[in-house]
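Peer 1: In terms of UniProt numbering, the sequence shown is residues 1 to 248.
Here a beta-carbon is modelled for each residue, glycine too, at the ideal position from N, C-alpha and C.
First the structure, then my questions, so here it is.
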Amino acid sequence: MSDSKFIDTPEGRRIAYHKTEGAGPCVVFLGGLKSDMMGTKAVYLEDWARAEGRAFLRFDYSGHGESSGNFAEGCIGDWHEDTLAAVGALTEGPLVVVGSSMGGWQALLLARQRPERIAGLVGIAAAPDFTEDGYWANFTEAQKQTLAEVGQVELPSDYMEPYVITRRMIEDGRNRLVLRDPLTLPFPVRLLQGTADTAVSTATAVRLLEHAQSPDMHLTLVKDADHRFSDTHCLALIVQAIKEVSAQ
1 MSDSKFIDTP EGRRIAYHKT EGAGPCVVFL GGLKSDMMGT KAVYLEDWAR
51 AEGRAFLRFD YSGHGESSGN FAEGCIGDWH EDTLAAVGAL TEGPLVVVGS
101 SMGGWQALLL ARQRPERIAG LVGIAAAPDF TEDGYWANFT EAQKQTLAEV
151 GQVELPSDYM EPYVITRRMI EDGRNRLVLR DPLTLPFPVR LLQGTADTAV
201 STATAVRLLE HAQSPDMHLT LVKDADHRFS DTHCLALIVQ AIKEVSAQ
């Protein structure tokens, strides 16, 4: 596998990326919280894009993978800035954005900021507004007090080591919410969600489906699929979704 390349963002962060040249619309993969661009879905989709002659971009947010920074110091807004920088510097023309988990939120933020660039969007266990509706809404009073006094709390994860959740992440997340105000997505959208996902509920997927305005928006529930959504069947569904939104 080729070595990563790097760009420097206007905010002074150093972002690692892999770019495959090819025909458009360029597929941009946005990973999840504490994931990196070496994950199963990102690499599989890059291999598929290369075989199809499609342009493809994957990158690490700051504090993730090979990019600069400390994860615990980051927030949704920082990673949104990283996404805007990567897309702005490394792609041209229409995009098909594929967002996994937190990357689904990032995809919606990108679509809100650069709607003219988006040809289609695929959300995989998309997790919009999770800092407020997932973390803050479920914190105990003791956790909220710890967050206020210490500035961070640790939360267990079913998929990796505990998450460190900072007061900055919670407060910044409130400035990035997408499910409170009208959300217009004027392009095809495909949402994929596993019913055995313990990190993002099917209720979240349905809420996004009902809230967003799109001329062509489908939600596919996959029985017994978990949050990773990366077995052979799930990967094939992601490719199918990319083809569907690209064709239109």
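Between A225, A212, A241 and D60, which lies nearest to S201 when the distance is taken from Cα to Cα?
Peer 2: For this step, residue 201 is matched to residue 201 along the sequence shown. Of A225, A212, A241 and D60, the residue nearest in Cα terms is A225.
Peer 1: Would you kindly work out how many angstroms separate the C-alpha atoms of R58 and F6, rounded to a whole number?
Peer 2: Here residue 58 corresponds to residue number 58 of the sequence shown, with the count starting at 1. Here residue 6 corresponds to residue number 6 of the sequence shown, with the count starting at 1. Their backbone Cα atoms lie some 12 Å apart in a straight line.
Peer 1: Quick one: what's got a C-beta closer than 7 Å to T40's C-beta in the same chain, skipping five residues either side?
Peer 2: Within the sequence shown, numbered from 1, the residue matching residue 40 stands at position 40. The answer, listed in chain order, is S230.
Peer 1: How is the alpha helix (DSSP H) around K41 delimited, first residue to last?
Peer 2: Looking up residue 41 in the sequence shown gives position 41. Residues T40 to E52.
Peer 1: Considering only residues of the same chain and omitting the five flanking positions on each side of Y44, which have a CB-CB separation below 6 Å?
Peer 2: Reading the sequence shown from its first residue, position 44 is the one you call residue 44. L235, listed in sequence order.
Peer 1: Compute the distance between the beta-carbons of V99 and C26, then report whether it is under 8 Å.
Peer 2: Counted from its first residue, the sequence shown places residue 99 at position 99. Counted from its first residue, the sequence shown places residue 26 at position 26. Note on identity: in this sequence residue 99 is Gly, with Val being the wrong assignment. No, the Cβ-Cβ distance between G99 and C26 is not below 8 Å.
Peer 1: So, is P188 buried or exposed, given that buried needs 16 or more other C-beta atoms within 10 angstroms?
Peer 2: As a first step, residue 188 is located in the sequence shown; it is residue number 188 there, counting from the start. P188 is buried by the Cβ-count criterion.
Peer 1: Ignoring anything shorter than 4 residues or poking outside the UniProt domain "AB hydrolase-1" (51–150), list the alpha helix (DSSP H) runs there in chain order.
Peer 2: 76–90, 102–113 and 141–150, all fully within the UniProt domain "AB hydrolase-1" (51–150).
Peer 1: Roughly how many angstroms lie between the CA atoms of A47 and L177, to the nearest whole one?
Peer 2: On the sequence shown, position 47 is the one that residue 47 refers to. On the sequence shown, position 177 is the one that residue 177 refers to. Per the sequence presented here, residue 47 reads as Asp, with Ala not at that position. One C-alpha to the other measures close to 33 Å.
Peer 1: Sort out for me which residues DSSP pairs F6 with in a bridge.
Peer 2: Translated into positions along the sequence shown, residue 6 becomes position 6. The partner list for F6 (beta bridge, DSSP) reads A16.
Peer 1: What residues in its chain sit with their C-beta under 6 Å from that of I170, if we drop five residues either side in the sequence?
Peer 2: As a working note, residue 170 is residue 170 in the sequence shown. Closer than 6 Å at the Cβ level, and outside the excluded window around I170, lie T131 and W136.
Peer 1: Which same chain residues, not among the five before or five after Q113, have their C-beta less than 7 Å away from its C-beta?
Peer 2: As a position in the sequence shown, residue 113 is number 113, starting the count at 1. Excluding residues within five positions, the ones whose Cβ falls inside 7 Å are L84.
Peer 1: Out of D3, L121, G24 and K19, state which residue places its alpha-carbon closest to the alpha-carbon of P186.
Peer 2: The residue given as residue 186 occupies position 186 in the sequence shown. The shortest Cα separation from P186 among D3, L121, G24 and K19 belongs to L121.
Peer 1: What are the residues that DSSP puts in a beta bridge with G22?
Peer 2: Taking the first residue of the sequence shown as 1, we reach residue 22 at position 22. Answer is none; G22 lacks a bridge partner.
Peer 1: Per DSSP, which one or two residues make a beta bridge with I165?
Peer 2: To locate residue 165, count along the sequence shown from 1; it is residue 165. Per DSSP, V153.
Peer 1: Buried or exposed, going by whether 16 or more other CB atoms sit within 10 Å of the CB of P182?
Peer 2: The residue given as residue 182 occupies position 182 in the sequence shown. P182 should be labelled exposed.
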